[in-house]
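Everything on this sheet refers to the single structure shown next.
In the UniProt record's numbering, the protein residues as written are 1 to 116.
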């Protein structure tokens, strides 16, 4: 009887041990899957963060460009197409108040086409 009882306990313990091993394997697979998911999320976060930084830099550059354009227009240093003037020579340009280095169109007498 004692021997039978020991075998039953042994069988019961072996079954419990097998159940525990199965549970352990299942939990290891779950942890592995979660680790992979976390890795993918970290990569996605890094990409999103990089994109956000790039967009922020582009936004700042655009804002600076707009501010520069507004400043130039408010100072009258930008020629708008409808306000283009006809200049005959460089002195004419200077006397008109333009003092920025750049390319200006000259309309020279006796020439049919303007020169830059």
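Where a beta carbon is used, it is the ideal one built from N, C-alpha and C, also for glycine.
Whether residue i touches residue j by CB criterion (8 Å)
i, j, result
"residue 74", "residue 85", "no"
Close beta carbons around residue i, own chain, < 7 Å, minus the five adjacent residues each side
i, result
"residue 27", "none"
"residue 52", "none"
Which of helix, strand or coil DSSP assigns to residue i
i, result
"residue 111", "coil"
"residue 45", "helix"
"residue 86", "coil"
"residue 35", "helix"
"residue 74", "helix"
Residue(s) in a DSSP beta bridge with residue i
i, result
"residue 106", "87, 115"
Beta-carbon separation (whole angstroms), residue i vs residue j, contact threshold 8 Å
i, j, result
"residue 100", "residue 89", "17 Å between Cβ atoms; not a contact."
"residue 103", "residue 116", "5 Å"
Same chain only: Cβ atoms within 8 Å of residue i, ignoring 5 sequence neighbours per side
i, result
"residue 14", "none"
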